[in-house]
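In terms of the UniProt record's numbering, the sequence shown has 11 at position 11, counting the first letter as 1, and numbering is strictly consecutive. All C-beta atoms, glycine included, are put in the ideal place defined by N, C-alpha and C. Just below is one structure, and these are the notes that go with it.
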Amino acid sequence: MTAVTSGRRAQNRVARNNDLLGAATEIIVRDGLEGLTMQAVADSVGCAVGTIYTYFDSKSALLSALQVAAIQTLIATFGSSSESWETAISQADLEPDAAALIRLVAIGQLFIAAGDVHEHEFDLLQMLISTPKDLTSDQDREAVIPLALGLLDTVRVLIDQAILAGALTLSSSDSAVNRAVRWAGGLNGALLVSNVGIDDQRKVASLFDGNVLALRLADDLLLGWGASRTNLESAHRFVDHLIATDQLIAQPADSVIDLTETMASPARSIILSDYLSD
Numbered sequence: 001m002t003a004v005t006s007g008r009r010a011q012n013r014v015a016r017n018n019d020l021l022g023a024a025t026e027i028i029v030r031d032g033l034e035g036l037t038m039q040a041v042a043d044s045v046g047c048a049v050g051t052i053y054t055y056f057d058s059k060s061a062l063l064s065a066l067q068v069a070a071i072q073t074l075i076a077t078f079g080s081s082s083e084s085w086e087t088a089i090s091q092a093d094l095e096p097d098a099a100a101l102i103r104l105v106a107i108g109q110l111f112i113a114a115g116d117v118h119e120h121e122f123d124l125l126q127m128l129i130s131t132p133k134d135l136t137s138d139q140d141r142e143a144v145i146p147l148a149l150g151l152l153d154t155v156r157v158l159i160d161q162a163i164l165a166g167a168l169t170l171s172s173s174d175s176a177v178n179r180a181v182r183w184a185g186g187l188n189g190a191l192l193v194s195n196v197g198i199d200d201q202r203k204v205a206s207l208f209d210g211n212v213l214a215l216r217l218a219d220d221l222l223l224g225w226g227a228s229r230t231n232l233e234s235a236h237r238f239v240d241h242l243i244a245t246d247q248l249i250a251q252p253a254d255s256v257i258d259l260t261e262t263m264a265s266p267a268r269s270i271i272l273s274d275y276l277s278d
C-alpha cells in the first residue's frame, strides 16, 4: 500500500467520522438525546448500522465523541477570540489590573454568547449536564473530562492573573479550580433558567431571560471577589467597544477537528492530573 493511498484512506475515515457526528447532532437537535440511536444515525447517512460500530463501539462512545467535538469547538473559539482582545488591550496600553478585569468580563460575555455562536454544540453540552441519566461509561468519560477541565482552566488562569494584578482580592486559601467551577457552573445554571420562560404566553418571561441573569451573575461574582464597581464598569465599557467593533468573538481559521488525534492525546492526562492535585 502506498503512502498516498494510506493517507487518503485516513482522510476519508476522518471525513466519514465527522459526517456521522454531524448526523448524530442533527438527530439530537430534532429528537433530543432519547432519539439518538445507532440505527437512527445509520438511517440518516444511508449506511448499515454495522458501519457505525466501526467508528463508535457504543452510543456512549458516540456521545463522548460529540462532547469532545463540542468542547474543542468552544476552546478554539475562546483561543482565537482572546487573541483579538489582547490586540485591543495592547493598543489601549492599559494598566495590568484594568486589563485583567477586561479579560474576565470578555470571557464571561463570550461564554454567554456561545449558545448563539455555536448553538448545537452548546445545546448538546447543556442537555448532557441537565439530564439525570448517566449516558456514558467511565472509560468514555476519560476522553471528555480532561478537555472540559482544559476549558475551565482558561477561566482559572484569568482569575489568578486578576488576583496577581490586584483587580480581585480573593483569599489564597480558596481553591483556584473551585473558583473556576463556580464561575462556569453559575453562569451555565443561569442560562438554563431560560427554559422556564420558554412559553411566549408567560407574562413574566423576561424574568427568566438566561442571558441577562448570567451577565448579572458574572458581575456579582467579580464584585464578590473584590473587584471595584468603578473598575468593573470601565471594563464593561471596553468590552462593549469590542462587541461594537466585532472584536469580542473571533472564529478560528481552521474549524476542522481530527477527533482521532484529540481523543488519543497524552495532554489529556496531564491536564487532569493538574486539576486533581490543585
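A residue is called buried once 16 or more other Cβ atoms fall within 10 Å of its Cβ, and V49, having fewer, is exposed.
Fewer than three beta-carbon pairs drawn from the segment 219 to 237 and the segment 124 to 139 are found closer than 8 Å, and the two stretches are therefore not classed as touching.
Taken atom to atom, the span from the alpha-carbon of L170 to that of V157 is near 14 Å.
A167 sits away from D116, with the two beta carbons spaced by 8 Å or more. In this structure, A69 is the residue among A69, R9, G46 and D31 with its C-alpha nearest to the C-alpha of L21. Annotation: the continuous alpha helix (DSSP H) that includes Y53 extends over V49 to Y53. Rounded to whole angstroms, the Cβ separation of A23 and V45 is 5 Å, and the two are in contact under 8 Å.
Counting along the chain, V105 sits inside the alpha helix (DSSP H) bounded by residues P96 to V117.
Annotation: V105 to T73 spans about 21 Å, alpha carbon to alpha carbon. Taking a contact to require three or more Cβ pairs closer than 8 Å, the segment 81 to 91 and the segment 176 to 190 do not qualify as touching.
Within the same chain, L101, A167 and L168 come within 7 Å of A227 by CB-CB distance, once the 5 residues on both sides are set aside. In this structure, Q247 and W85 form a Cβ contact; the two beta carbons are roughly 7 Å apart against a cut-off of 8 Å. Contact between the segment 208 to 217 and the segment 145 to 153 is absent: fewer than 3 CB-CB pairs across the two stretches fall below 8 Å. D160 sits in a helix when the DSSP states are folded into three classes. Between I75 and L151, the C-beta gap is smaller than 8 Å, which places the two residues in contact. For T37 and I27, the gap between their C-alpha atoms comes out near 9 Å. Minimum Cα-Cα distance from L62 among the listed residues L33, S90 and H118 corresponds to L33. When the beta-carbon positions are compared, L217 and A190 come within less than 8 Å of each other. When secondary structure is reduced to three states using DSSP, G22 falls in the helix class. Distance between A92 and R103, taken at the CA atoms: about 13 Å. In the DSSP annotation of this structure, A250 is not part of any alpha helix (DSSP H), being labelled neither H nor E. In this structure, the alpha-carbon of A10 lies about 44 Å from that of D240.
A straight line joining the alpha-carbon of S58 with that of V41 spans about 12 Å.
With a 10 Å radius around the Cβ and a threshold of 16 neighbouring Cβ atoms, L164 comes out exposed.
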